[in-house]
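Residue 141 in numbering that gives the first Met the number 0 sits at position 142 of the sequence shown; the count goes up by one each step and never skips.
Quick reminder that beta carbons are idealized off the backbone N, C-alpha and C, glycines included.
This structure is a prediction, so every number in the text was calculated from the model and none was measured.
Let me begin by presenting the structure, written as structure tokens, before commenting on it.
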Amino acid sequence: MAWAYVIATAGKNDLDWVKNLGADRVIDYKNELFENEVGNVDLVYDLIADKTLERSWQVLKEKGGRIISTLDHPAAVQMAQSHHARWAHMVVTVKNKQLAQIADLIVKKKVRVAIGKTFPLEKVQAAHRLVENGHVRGKVLLTLR
Ligand SMILES: NC(=O)c1ccc[n+]([C@@H]2O[C@H](COP(=O)([O-])OP(=O)(O)OC[C@H]3O[C@@H](n4cnc5c(N)ncnc54)[C@H](OP(=O)(O)O)[C@@H]3O)[C@@H](O)[C@H]2O)c1
Numbered sequence: 000m001a002w003a004y005v006i007a008t009a010g011k012n013d014l015d016w017v018k019n020l021g022a023d024r025v026i027d028y029k030n031e032l033f034e035n036e037v038g039n040v041d042l043v044y045d046l047i048a049d050k051t052l053e054r055s056w057q058v059l060k061e062k063g064g065r066i067i068s069t070l071d072h073p074a075a076v077q078m079a080q081s082h083h084a085r086w087a088h089m090v091v092t093v094k095n096k097q098l099a100q101i102a103d104l105i106v107k108k109k110v111r112v113a114i115g116k117t118f119p120l121e122k123v124q125a126a127h128r129l130v131e132n133g134h135v136r137g138k139v140l141l142t143l144r
């Protein structure tokens, strides 16, 4: 099986942490422009959208590159066409089969999940506020009794 060479972006304090999670290379997004550092990329997985998406087209290979975004962008399809690329908006849907496959990858330690903070369900507002600030390290979990 062919593996991807993964280039990630992170803040200065998280560079080693992200590398430890499995990235081959990590770029400090607050001090470097990723588009000056990398190019000829097959696929960008975009978790930020806005200006970050607009800067991402130039790192793709000349033709046939792809960007998958977790957030929508009104001009994404048009931008993709003008860069001879493809764009898709990914929306998570809860499907038992997929959840079981992901759980299996976690059990086999092929995927590592970092837990940022855990809240009881009644503190869901505080959990949401933390997620909304966009700078959580790891996932925010809610626990049920
Ligand atoms: N469509 C869907 O089904 C779906 C599913 C999941 C998530 N989403 C959306 O996708 C987005 C990302 O989700 P997430 O769970 O990864 O969010 P998250 O856990 O809040 O991600 C935060 C991370 O992004 C980093 N970050 C913030 N601004 C950045 C930038 N300009 N460049 C590079 N890294 C940056 C932060 O690092 P620093 O702290 O160092 O800044 C932090 O580590 C959210 O807006 C979420 O709502 C959509």
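Beta-carbon proximity list for residue i, same chain, < 7 Å, skipping 5 on both sides
i, result
"residue 44", "67"
"residue 60", "39, 40 and 41"
Under the three-state DSSP convention, the category residue i falls into
i, result
"residue 15", "helix"
"residue 127", "helix"
"residue 2", "coil"
"residue 47", "coil"
"residue 111", "coil"
"residue 52", "helix"
Enclosing alpha helix (DSSP H) for residue i [first to last residue]
i, result
"residue 138", "Unbroken run through residue 138 is the beta strand (DSSP E), 138-142; no alpha helix (DSSP H)."
"residue 102", "95-106"
"residue 35", "33-36"
Beta-carbon proximity list for residue i, same chain, < 6 Å, skipping 5 on both sides
i, result
"residue 65", "42 and 85"
"residue 8", "26, 28 and 33"
"residue 10", "29"
Proximity below 7 Å, CB of residue i to CB of residue j
i, j, result
"residue 115", "residue 139", "yes"
"residue 58", "residue 37", "yes"
"residue 25", "residue 32", "no"
"residue 117", "residue 142", "yes"
"residue 111", "residue 46", "no"
Limits of the unbroken beta strand (DSSP E) element including residue i
i, result
"residue 117", "114-119"
"residue 27", "24-27"
Quick one: complete alpha helix (DSSP H) runs, 4+ long, within the segment 57-96?
-> 75-81
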